[in-house]
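Have a look at the structure below, then the notes.
There are 2 protein chains.
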Amino acid sequence: MRKRTTTRATAPPADAAGPGAAQAPVQLGWLGETIAYNLRLAQTASFQAFSALTGDLGLRPGWYALLQLIGDNPGVSQTALSLATSRDKSTLTPLLGDLERRGLIRREPDPLDRRGRRISLTEAGRAKLALLAECAARHDARLNALFAPEQRQHLVALLKTLTEALTTETPPPESGPPED
Amino acid sequence: MRKRTTTRATAPPADAAGPGAAQAPVQLGWLGETIAYNLRLAQTASFQAFSALTGDLGLRPGWYALLQLIGDNPGVSQTALSLATSRDKSTLTPLLGDLERRGLIRREPDPLDRRGRRISLTEAGRAKLALLAECAARHDARLNALFAPEQRQHLVALLKTLTEALTTETPPPESGPPED
DNA sequence: ATATATTAGTTGGTAGGCAAACCAACTTGA
DNA sequence: TCAAGTTGGTTTGCCTACCAACTAATATAT
Numbered sequence: 001m002r003k004r005t006t007t008r009a010t011a012p013p014a015d016a017a018g019p020g021a022a023q024a025p026v027q028l029g030w031l032g033e034t035i036a037y038n039l040r041l042a043q044t045a046s047f048q049a050f051s052a053l054t055g056d057l058g059l060r061p062g063w064y065a066l067l068q069l070i071g072d073n074p075g076v077s078q079t080a081l082s083l084a085t086s087r088d089k090s091t092l093t094p095l096l097g098d099l100e101r102r103g104l105i106r107r108e109p110d111p112l113d114r115r116g117r118r119i120s121l122t123e124a125g126r127a128k129l130a131l132l133a134e135c136a137a138r139h140d141a142r143l144n145a146l147f148a149p150e151q152r153q154h155l156v157a158l159l160k161t162l163t164e165a166l167t168t169e170t171p172p173p174e175s176g177p178p179e180d
Numbered sequence: 181m182r183k184r185t186t187t188r189a190t191a192p193p194a195d196a197a198g199p200g201a202a203q204a205p206v207q208l209g210w211l212g213e214t215i216a217y218n219l220r221l222a223q224t225a226s227f228q229a230f231s232a233l234t235g236d237l238g239l240r241p242g243w244y245a246l247l248q249l250i251g252d253n254p255g256v257s258q259t260a261l262s263l264a265t266s267r268d269k270s271t272l273t274p275l276l277g278d279l280e281r282r283g284l285i286r287r288e289p290d291p292l293d294r295r296g297r298r299i300s301l302t303e304a305g306r307a308k309l310a311l312l313a314e315c316a317a318r319h320d321a322r323l324n325a326l327f328a329p330e331q332r333q334h335l336v337a338l339l340k341t342l343t344e345a346l347t348t349e350t351p352p353p354e355s356g357p358p359e360d
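So the sequence lines, in the order shown, correspond to chains A and B. Position 9 of the first sequence, counted from 1, bears residue number 9 in the working numbering, the numbering being contiguous throughout. In the working numbering, each residue carries its 1-based index in the second sequence increased by 180.
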């Protein structure tokens, strides 16, 4: 939502903290040039936009990645989902419970490991996933439309590089005990 | 993202879905190529890495951007901070209260608008900011080290484009609201 | 086989996020 | 001046996230 011109179109001297200035645009300074902060802003914006799309349905945005991954990997374990979504396994517990309660997924005991639960979609789950995938596709299209194909590709590659680097080399401090 | 080497060199046949296979790597499929999902993963990874740096001090990572922005814009309003950080104003209420309680910021009434509060750093706040800025600088350096200077610049530009596009054109649905 | 370590998943506690409802103060218009 | 609308902040309620600790089952070592 835009907020410019809401107060005044005259754009009074932004440096002056005068009464008409209301909320000055805030100078981002150094932060505004960092990868990390821009990453945060972009992610937030993307999530918000996606939420706006899914909000129309009664579907939570956080469900989508989960359903999609389950759909693509029937029988996955919760731990695997946790890793794939970069969320703590304990975060998934109530979430999956909710999905199960709504009949979107099935959690059957793994016959080969009685601790584990093999997760898969139900028919209803597949249907919901189709709806969410629709939103996701629109969202993706919207993002893609912002860039030239090669730019898009480049951006994804850069993001992957970043993720990869940070997740694999996470512990650089102490005497590294790499392989035992 | 690959997750090898994170746990151990156990390396049981990863393809076999046998009991020893534990969690299969999960196929990300379509998701893994989208901007949105990679954005999410990258942001999460970045945040985690930054948290690891700040965790050493008794300082919450969420404080940093706030303190930095306040430092750069003494006298800002909470609403302005809310916009600059892309966080809801109600999110900042307890956070700023906390910072004030710890003596890091000051919230003095705006003489020109008795609703508003002009926020600025205290000396202690400046000191804490310096510590956090140190972490931020290290984090930034780490991220920057992953890319060539022009790549970095490019990435930031792409992210800005994305954020900008999503935040300004948020409401495209209904018949465009004719400005009154 | 039995003790020990690992792993899958859940629980409880806490922190941070949003949205909606609310109050107080400012703005505007008649 | 006074009513209606807007805006800055706070409160409340809910959701999502993490972590640490726990249980149950599996794996490993002796």
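Glycine included, every Cβ here is placed at the ideal spot set by N, Cα and C.
{"Item": "Under 9 Å by beta carbon: chain A residues contacting B:Arg220", "Value": "Gln43, Ser46, Phe47, Ala65, Thr85 and Ser86"}
{"Item": "Per-residue contacts from A:Asp98 into chain B (C-beta, under 9 Å)", "Value": "Those within 9 Å of A:Asp98 in chain B number zero; the least Cβ separation is about 20 Å."}
{"Item": "Where A:Ala116 sits in the DSSP three-state scheme", "Value": "Per the sequence presented here, residue 116 of chain A reads as Gly, with Ala not at that position. Of the three classes helix, strand and coil, the one that applies to A:Gly116 here is strand, per DSSP."}
{"Item": "For B:Val336, the three-state DSSP class (helix, strand or coil)", "Value": "helix"}
{"Item": "Presumed contact (8 Å Cβ cut-off) between A:Leu81 and A:Leu92, rounded CB distance", "Value": "6 Å"}
{"Item": "Any alpha helix (DSSP H) of 4 or more consecutive residues that is wholly inside the stretch 31 to 91 of chain A", "Value": "35 to 55, 61 to 72 and 78 to 85"}
{"Item": "Backbone CA spacing between A:Phe47 and B:Ala307 [nearest angstrom]", "Value": "34 Å"}
{"Item": "Assumed close pair B:Asp252, A:Gly125 - CB separation to whole angstroms, cut-off 8 Å", "Value": "Actually they do not touch by this definition, with Cβ atoms about 48 Å apart."}
{"Item": "Per-residue contacts from A:Leu69 into chain B (C-beta, under 9 Å)", "Value": "Val206, Gln207, Leu208, Gly209 and Leu211"}
{"Item": "Option nearest B:Leu337 by Cα separation, candidates A:Leu41, A:Leu99 and A:Gly116", "Value": "Just to set this straight, residue 337 of chain B is Ala in the shown sequence, not Leu. Closest by alpha carbon: A:Leu41."}
{"Item": "Collapsed DSSP secondary structure at B:Pro205 in the structure displayed", "Value": "coil"}
{"Item": "C-alpha distance - A:Leu111 paired with A:Thr54, whole-angstrom precision", "Value": "Here residue 111 of chain A turns out to be Pro, not Leu, going by the sequence shown. If I take the Cα positions, the gap works out to 36 Å."}
{"Item": "Reference A:Glu33; option with closest CA among B:Arg294, B:Lys340 and B:Ala325", "Value": "B:Lys340"}
{"Item": "Length of the line joining the Cα atoms of A:Gln68 and A:Asp140", "Value": "14 Å"}
{"Item": "Under 9 Å by beta carbon: chain A residues contacting B:Leu284", "Value": "By Cβ distance, chain A contributes nothing, its closest Cβ being about 18 Å from B:Leu284, past 9 Å."}
{"Item": "Beta strand (DSSP E) segment containing B:Arg286, residue limits", "Value": "Ile285 to Pro289"}
{"Item": "Contact residues within the stretch 324 to 352 of chain B, judged by C-beta distance below 8 Å to chain A", "Value": "Asn324, Leu326, Phe327, Gln331, Arg332, His334, Leu335, Val336, Leu338, Leu339, Lys340, Thr341, Leu342, Thr343, Ala345, Leu346, Thr347, Thr348, Thr350 and Pro351"}
{"Item": "Environment of A:Glu179 [buried if 16+ CB atoms lie within 10 Å]", "Value": "Residue placement at A:Glu179 is poorly supported in this model, since its pLDDT is 36, which falls under 50; the coordinates still yield a value, given next. Exposed is the call here."}
{"Item": "CB contact flag (A:Ile70, A:Leu131, <7 Å)", "Value": "no"}
{"Item": "Start and end residues, alpha helix (DSSP H) containing A:Leu146", "Value": "Element bounds for A:Leu146: n/a, residue is neither H nor E."}
{"Item": "Cβ of B:Ala201 within 7 Å of any chain A Cβ", "Value": "Residue confidence is low: B:Ala201 scores 39 on pLDDT, short of 50, so the model does not pin down where it sits. No coordinate-derived value is stated."}
{"Item": "Within 7 Å, strictly: CB atoms of B:Ala245 and B:Thr224", "Value": "no"}
{"Item": "Contacting residues, own chain, Cβ-Cβ under 6 Å from A:Cys135 (five flanking each side not counted)", "Value": "Leu53 and Thr54"}
{"Item": "Where B:Arg214 meets chain A, residues with beta-carbon distance less than 7 Å", "Value": "Rather than Arg, the amino acid found at residue 214 of chain B in this sequence is Thr. Simply Asp140."}
{"Item": "Proximity test, B:Gly235 beta-carbon vs the ligand ZN heavy atom, cut-off 6 Å", "Value": "The ligand ZN is absent from the structure shown, which contains no ligand whatsoever."}
{"Item": "CB contact below 7 Å: B:Asp236 versus chain A", "Value": "no"}
{"Item": "Closest Cα partner of B:Leu323 within the set A:Ala36, A:Leu96 and A:Phe50", "Value": "A:Ala36"}
{"Item": "B:Leu237, buried or exposed, once every other Cβ within 10 Å from all chains shown has been counted against 16", "Value": "exposed"}
{"Item": "Close Cβ partners of A:Arg138 (< 7 Å) along its chain, the five nearest in sequence each way excluded", "Value": "Leu53"}
{"Item": "For A:Asn38 and A:Leu31, the rounded distance between their alpha carbons", "Value": "8 Å"}
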